[in-house]
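Trainee: In numbering that gives the first Met the number 0, the protein residues as written are 0 to 217. Glycine residues also receive a C-beta, built at the ideal position from the N, C-alpha and C atoms. What follows is a single structure, and I will ask about it in a moment.
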Amino acid sequence: METNEVLMQQNEPSEKPINLWRFVVPLLIQTGIILAVPAQSVYTLVTGKTAVLQTLPVDPYDLLRGYSVTLNYEISRTDNLKKLPGWADLVKQYPGKNQQYDPLAQGTSLYIILEEQKASGGIPQAWKPVQVSGQLPTSLAANQITLKGRYSGYNSITYGLETYYIPEDQRNDINKDISTARPIKPGQPQPIVVEVKVNAQGQAVPINMWVRDRKYYF
Numbered sequence: 000m001e002t003n004e005v006l007m008q009q010n011e012p013s014e015k016p017i018n019l020w021r022f023v024v025p026l027l028i029q030t031g032i033i034l035a036v037p038a039q040s041v042y043t044l045v046t047g048k049t050a051v052l053q054t055l056p057v058d059p060y061d062l063l064r065g066y067s068v069t070l071n072y073e074i075s076r077t078d079n080l081k082k083l084p085g086w087a088d089l090v091k092q093y094p095g096k097n098q099q100y101d102p103l104a105q106g107t108s109l110y111i112i113l114e115e116q117k118a119s120g121g122i123p124q125a126w127k128p129v130q131v132s133g134q135l136p137t138s139l140a141a142n143q144i145t146l147k148g149r150y151s152g153y154n155s156i157t158y159g160l161e162t163y164y165i166p167e168d169q170r171n172d173i174n175k176d177i178s179t180a181r182p183i184k185p186g187q188p189q190p191i192v193v194e195v196k197v198n199a200q201g202q203a204v205p206i207n208m209w210v211r212d213r214k215y216y217f
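Following this line, the structure appears as structure tokens:
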């Protein structure tokens with residue numbers, strides 16, 4: 000009798016306690032990833048240095064789509080960077096498959112050193128790109144910053160500063176200002192610049208956009 004009871008107990012499935020960490024750990028990781036993006040932006044806004052980026056000429060009808068504004072910059076095109084010191088070394092280190100259409104391997108990270116320029120009144124003066132590097136520079140002048148970019152193909156570089164969401168009540172004013180924003184003299188850049196905050200790692204967040212002498216906050 001006692002032997003049968005022992006056998007029955009051995010055959011009964013044992014109930015294992017639920018390991019809560021199997022559920023808690025993935026949840027904490029996902030939460031951390033979600034919070035990391037705004038935390039990084041706040042860190043950059045607090046500790047970063049202000050710089051000014053020159054936009055490429057834009058068509059106001061293509062600029063505004065829904066509730067966002069889409070911009071590209073002079074430093075977004077490889078044609079504007081290939082004459083800078085460091086570009087040839089970068090291409091040799093990370094060559095693309097087709098030097099005409101893809102001088103760099105897609106996904107290549109790069110750092111653009113920008114130098115502050117004296118303001119001439121009106122809108123802030125765009126900072127001038129002076130060097131390209133494949134590694135984060137460790138020493139910069141007081142009037143310089145480093146902006147981290149990524150080669151996305153087709154001679155284009157992105158900096159995470161291309162799309163911003165704007166209040167609906169500003170859309171018409173921005174569209175009107177951009178449609179009338181023209182260079183004062185032939186050969187001058189379009190009077191649209193973007194102020195950004197850049198941290199020590201080269202990551203940036205937008206602060207505002209100037210269209211001539213009018214400022215729009217992001």
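Along the beta strand (DSSP E) that carries Trp209, what are the first and last residues, could you check?
Mentor: Within the sequence shown, the letter at position 210 stands for residue 209. Its beta strand (DSSP E) spans residues 203-210.
Trainee: Classify Asp176 as buried or exposed, calling it buried when 16 or more other Cβ atoms lie within 10 Å of its own Cβ.
Mentor: Numbered from 1 along the sequence shown, position 177 holds the residue referred to as residue 176. Flag for Asp176 reads buried.
Trainee: Give the list of continuous beta strand (DSSP E) stretches no shorter than 3 residues that lie fully inside the stretch 70-149.
Mentor: For the stretch 70-149, whole beta strand (DSSP E) runs of length 3 or above, ordered along the chain, are 94-97, 101-103, 108-114, 127-132.
Trainee: Go ahead and pull the three-state DSSP assignment for Arg181.
Mentor: The residue you call residue 181 lines up with position 182 of the sequence shown. Arg181 falls in the coil class under three-state DSSP.
Trainee: Mapping the DSSP letters down to three states, classify Ile156 as helix, strand or coil.
Mentor: Along the sequence shown, read from residue 1 onward, the residue named residue 156 stands at position 157. Strand.
Trainee: Residues in its own chain within less than 6 Å of Ala104 by CB, not counting five upstream and five downstream?
Mentor: On the sequence shown, residue 104 is found 105 positions in, with the first residue counted as 1. Cβ neighbours of Ala104 beyond the five flanking positions: Tyr93, Gly95.
Trainee: Cβ of Leu89 within 8 Å of Cβ of Val129?
Mentor: Indexing the sequence shown from 1 puts residue 89 at position 90. Indexing the sequence shown from 1 puts residue 129 at position 130. Not in contact: Leu89 and Val129 (Cβ atoms no closer than 8 Å).
Trainee: By how many angstroms is the C-alpha of Tyr110 removed from the C-alpha of Ala118?
Mentor: By 1-based counting over the sequence shown, the position of residue 118 is 119. By 1-based counting over the sequence shown, the position of residue 110 is 111. Going by the C-alpha atoms only, they are around 24 Å apart.
Trainee: For a test of the three-state rule: what should DSSP assign to Glu161, helix, strand or coil?
Mentor: Counting from one through the sequence shown, the residue named residue 161 turns up at place 162. It is coil, neither helix nor strand.
Trainee: Beta-carbon within less than 8 Å of Asn154's beta-carbon, same chain only, minus the 5 sequence neighbours each way: which residues are those?
Mentor: Counting from 1 along the sequence shown, the entry for residue 154 is found at position 155. Arg76, Thr77, Asp78, Tyr100, Asp101, Pro102.
Trainee: Are Pro220 and Ile122 close, meaning C-beta to C-beta below 8 Å?
Mentor: This structure gives no information on residue 220, because the portion of the chain shown stretches from 0 to 217.
Trainee: Can you tell which of Tyr72, Pro166, Glu167 has its C-alpha closest to the C-alpha of Trp126?
Mentor: As a working note, residue 126 is residue 127 in the sequence shown. When each option's Cα is compared against that of Trp126, the closest is Tyr72.
Trainee: Determine the burial state of Glu115: buried for a count of at least 16 other Cβ atoms within 10 Å of its Cβ, exposed for fewer.
Mentor: The residue labelled residue 115 in the question sits at position 116 within the sequence shown. Glu115 should be labelled buried.
Trainee: Quick check on Val36: does DSSP put it in helix, strand or coil?
Mentor: In the sequence shown, the residue the question calls residue 36 occupies position 37. Note that Val36 has pLDDT 46, beneath the 50 cutoff, so the model's placement of it is unreliable and the number below is only indicative. In this structure, Val36 counts as helix in the three-state DSSP scheme.
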